[in-house]
Structure formats: C-alpha cells, structure tokens
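Written below as structure tokens is the structure these notes are about.
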Amino acid sequence: MPEITRLQELVYELKIGEVMTRKVVTVAPQTSMAELRKILREHRISGAPVVENGELVGIISIEDLIKALAEGEMGVPVGEKMTRDPVTLRTDEPVVLAVNRFARYGFGRFPVVDEKGRLAGILTRGDIIQGLLRKLEVEYHEEEIHRYRASHIFEDIVSDRTSIVLHYDVVARDLDHAGEAASKIKRTLSRLGASPQIVRRAAIAAYEAEMNIILHTDEGGEISAEVRPEQIIIRAVDTGPGIPDVEQAMRPGFSTAPEWIRELGFGAGMGLNNIQRCADEMRLESPQGKWTSLEVVVYLDRKKGEK
Amino acid sequence: MRLEELSRKLSLEVRTAAGKLGTEVTGGYAADLLSCVMAKAQAGNVWVTLQSHPNVVAVASLLNLAGVIVTEGMIPDATTVDKAEEEGIPILTTELTTFTVVGRLFELGVPGVD
Numbered sequence: 014m015p016e017i018t019r020l021q022e023l024v025y026e027l028k029i030g031e032v033m034t035r036k037v038v039t040v041a042p043q044t045s046m047a048e049l050r051k052i053l054r055e056h057r058i059s060g061a062p063v064v065e066n067g068e069l070v071g072i073i074s075i076e077d078l079i080k081a082l083a084e085g086e087m088g089v090p091v092g093e094k095m096t097r098d099p100v101t102l103r104t105d106e107p108v109v110l111a112v113n114r115f116a117r118y119g120f121g122r123f124p125v126v127d128e129k130g131r132l133a134g135i136l137t138r139g140d141i142i143q144g145l146l147r148k149l150e151v152e153y154h155e156e157e158i159h160r161y162r163a164s165h166i167f168e169d170i171v172s173d174r175t176s177i178v179l180h181y182d183v184v185a186r187d188l189d190h191a192g193e194a195a196s197k198i199k200r201t202l203s204r205l206g207a208s209p210q211i212v213r214r215a216a217i218a219a220y221e222a223e224m225n226i227i228l229h230t231d232e233g234g235e236i237s238a239e240v241r242p243e244q245i246i247i248r249a250v251d252t253g254p255g256i257p258d259v260e261q262a263m264r265p266g267f268s269t270a271p272e273w274i275r276e277l278g279f280g281a282g283m284g285l286n287n288i289q290r291c292a293d294e295m296r297l298e299s300p301q302g303k304w305t306s307l308e309v310v311v312y313l314d315r316k317k318g319e320k
Numbered sequence: 126m127r128l129e130e131l132s133r134k135l136s137l138e139v140r141t142a143a144g145k146l147g148t149e150v151t152g153g154y155a156a157d158l159l160s161c162v163m164a165k166a167q168a169g170n171v172w173v174t175l176q177s178h179p180n181v182v183a184v185a186s187l188l189n190l191a192g193v194i195v196t197e198g199m200i201p202d203a204t205t206v207d208k209a210e211e212e213g214i215p216i217l218t219t220e221l222t223t224f225t226v227v228g229r230l231f232e233l234g235v236p237g238v239d
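Listed in order, the protein sequences are those of chains A and B. All the letters of the first sequence, read from the start, carry residue numbers 14 to 320 under this note's numbering. All the letters of the second sequence, read from the start, carry residue numbers 126 to 239 under this note's numbering.
The structure is reproduced here in structure tokens:
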C-alpha cells in the first residue's frame, strides 16, 4: 500500500523540529507546587519543562502534583519534586526516533532542545500525528495539482496538432551530471500521465543517448523529448565527431570507449542496442566527421502510433 | 522481502536513504556495466555492483530500483551520497564479494530476472 510506505518514509524524513509545539509553557525551579497547579489548569496541560536561566533543568508532570497534594507539600518548590535531567529529543532528529522513545519510556511528552541544548519546544504523540497528517495532505495536494495540470495540458490547448518539446543541454565528459536529462524526461512523462512501461522505455533511450553525447562527442549536444498525444520522440543531436561505422556501432558489445571509461562501467557497447530495444522507430544518421542525429519514437499506444 | 530485512540479514551498512528501506524487493540483478543494468534490471530489483560513482544513482533512479548493494568494501564518494539522498536511492555497502552477496540473496529467496 503506497500510502503506508510514504508514511513510513515521512517518519524518517520529518524532523522533530517540524512537528513539535514551539510555544511551551515553562516553570522555574522556584515556582511552588501550588502555583504549578494553577498554571497547569489555566493552560489545560498535564506537565511542563522546568527552565532556569534559559537552560532546561527538569520536567514536572501532573502526577508529581498529585503526589505533592497527597503528601501536603503544595508549598515546596517545583525544583524539589521535578524529574532532573529529563530525557530530551533534538530538533534535528528524525521523528522516527521520537516514536521509538515514546514506545520505550511510555512518557506523555518529551522536551525538545536545539543543538546548543536550549529548550526549543515540546513533543507529544498528538504533535507527531498532526505533523504527519499535515505533511501528507500538503504533498498529496501538490502532486495532484502537478498531475492534473500536466495531464490536462493537451485538452486545454486548441490546435490542429499539439506537442510539447523539452530541451536539455548535455555537456561533453561531464560525468557528474550524467543521467540528469533522462531523469527530468522521466519525471515529466510520469506527470503527463504516461504509463510506467512507456516512461521506462523513453527513459532508457534518453539515458543511453545522453551517455553517448557525454562520452563520445567533442562539444556535447542536446537531448530533446517531444511529447505528442500519440507518441514520444526522443532526439539526440551533437556536432561530432560522428560514428565511423554505424553498423559496427550497433553490434552488441562493440565499444570504442577508452579504458578509464570502461572501468567506471560505461562504454559497454550496449547503448545503441538498448535504445533499439526500447524504440518503436529508430533513425540514426551520422555522416563521419560531422555530426550525429538520433531519433527514437515510442508509441503511447501501439495501434494509434502506427497510424 | 523488504530491503530493510535483506539489509539486516546480510549485515549491510546503509549509506544513504535510510527512510526508503521499506520497498518490497522484486528480484535481483548483478553487473558492473551500466548499460547491461539498463537493459535487464527491473523496477523494484536490488542491484549488486562494484561501481560506486554518481551515475549508479542515475541508473537506479531511472529504473526505479529498490536499492544498490556496493560490494568488496567500495565506499560511495560524497557526490554519490548526495545524489542518492536527493533521489531517495538506498546504497548499502558490504565487504563481501558480489558472488557471495548474490548467493546469499538467492538463499533468501530473491530471484534473478531470467
């Protein structure tokens, strides 16, 4: 179930600082138990961190108050009844840690401190649930908007033929950014509502074409993806040096990549084959010494595409 | 079986995307040539490899792989780690060789793609 998986992720991604209650009612060690009783009642809370000179020194709860009441010690200061050195959480720790602490200690609340150990907020189980729900709602809403806008784009535009063309510049030998154009194409196609199988094929073709430009061209080139209602056309164009023997280049395992590139796992000589397997149509032109132009067509719907 | 459970049973070290270990692993694939991975690995597969440079993340992300197990004590560099965190791709490392990792995965019932 995807919702549950996302929730599990969120528990790791969300930081305690994002879900805690920031406005904290605190008391001083000198505050009497009688005063504490008033404070808890006024704010409708069941406990409070004890702070002295901005430093967290303890925590006091309604249970401590009941004990003091039973023993007739309402005049004594909070400092004598509080739990010293309370277990704290930090703002930059993931929520999953808090979930574990609640399970382990069975406390109702944890004071939250910043990296300098100063009190920054307080966390209850309710805060966690609210924080998760808020985040899920926002994310769901955002993705819905993205998907809705993207998948309706063809309906909203009135023309005889509509297509969207995405252009990406590819820099030669820039291995650090290798695959980024393909990633962006993949994300966009998903948002446009293409099926996972179509997205996979287009992404593989775009990736291999992108890698060819990065590894083999002198000055890089451009990858584009044209999205039409019935097909996706991936184009890769560069300014040379061109492929000396296209037939040879298409043979699985044939590679001209230098050793250092192969050591990184590139240059397996499978690129063009992979592209061909993913394509419904493939056109490759490469006058030697000049340029290379590759066009890959993926039908969104096999029957429609053939028309 | 979930990636988290595999990670525990093989004592792998989780280097990135600790929040994404809940993925159900659909199968496994092992290779050090990226184009072979592009051709064969399926969505949800775990990929066993010696490679640890940033492009491993690009490949894993494009194919929606469950995660990458990097073998023989290879450690992904900072760029790879950043990229993997960004893309949410778990990278797990081990001192074991690829052969041993694949054998253990097989014993645990993770099938190949063939």
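All residues carry an ideal CB built from backbone N, CA and C; glycine is no exception. Bear in mind that the values here come from a model prediction, so they are computed numbers and not experimental data.
- About 20 Å separates the CB atoms of G213 (chain B) and M126 (chain B); that is not less than 8 Å, and the two are not in contact.
- Exclusion of the five residues before and after R122 (chain A) leaves G60, I135, L136 and T137 as the residues of its chain whose Cβ lies within less than 7 Å of its Cβ.
- From the beta-carbon of A183 (chain B), the residues of chain A found nearer than 8 Å are A191, G192, E193, A195, S196 and Y220.
- Annotated as distal: A116 (chain A) and V125 (chain A), with beta-carbon spacing of 8 Å or more.
- Here K303 (chain A) is not bridged, per DSSP, to any residue.
- By the 16-neighbour rule on beta-carbons within 10 angstroms, H159 (chain A) is exposed.
- If you ignore the 5 residues before and after V310 (chain A), its C-beta comes within less than 7 Å of the C-beta of Q244, I246, A292, D293 and E294, all in its own chain and listed in chain order.
- For D157 (chain B), the closest Cβ of chain A is nearer than 8 Å.
- A residue is called buried once 16 or more other Cβ atoms fall within 10 Å of its Cβ, and V171 (chain A), having fewer, is exposed.
- Your pair V40 (chain A) and V91 (chain A) checks out as a contact, with CB atoms roughly 5 Å apart and the cut at 8 Å.
- By the C-beta density criterion, V178 (chain A) is exposed, having fewer than 16 other C-beta atoms within 10 angstroms.
- The Cβ of E22 (chain A) sits closer than 8 Å to at least one Cβ of chain B.
- By the neighbour-count criterion, in which 16 or more other beta carbons inside 10 Å mark a residue as buried, D239 (chain B) falls on the exposed side.
- A residue is called buried once 16 or more other Cβ atoms fall within 10 Å of its Cβ, and I200 (chain B), having fewer, is exposed.
- Taking the CA atoms as reference points, K199 (chain A) sits about 26 Å from L175 (chain B).
- For M295 (chain A), the enclosing beta strand (DSSP E) begins and ends at E294 to E298.
- Here D258 (chain A) is exposed: its Cβ has fewer than 16 other Cβ atoms, across all protein chains shown, within 10 Å.
- Under the DSSP definition of a beta bridge, I72 (chain A) partners with A:P62 and A:T96.
- Burial state of D140 (chain A) is buried, judged by a 10 Å Cβ sphere holding 16 or more other Cβ atoms.
- Residue state for V38 (chain A) is assigned as coil, using DSSP reduced to three classes.
- The closest CA to that of A222 (chain A), considering only A:W304, A:V109 and A:A249, is found on A:A249.
- In the DSSP assignment, the residues bridged to K28 (chain A) are A:P107.
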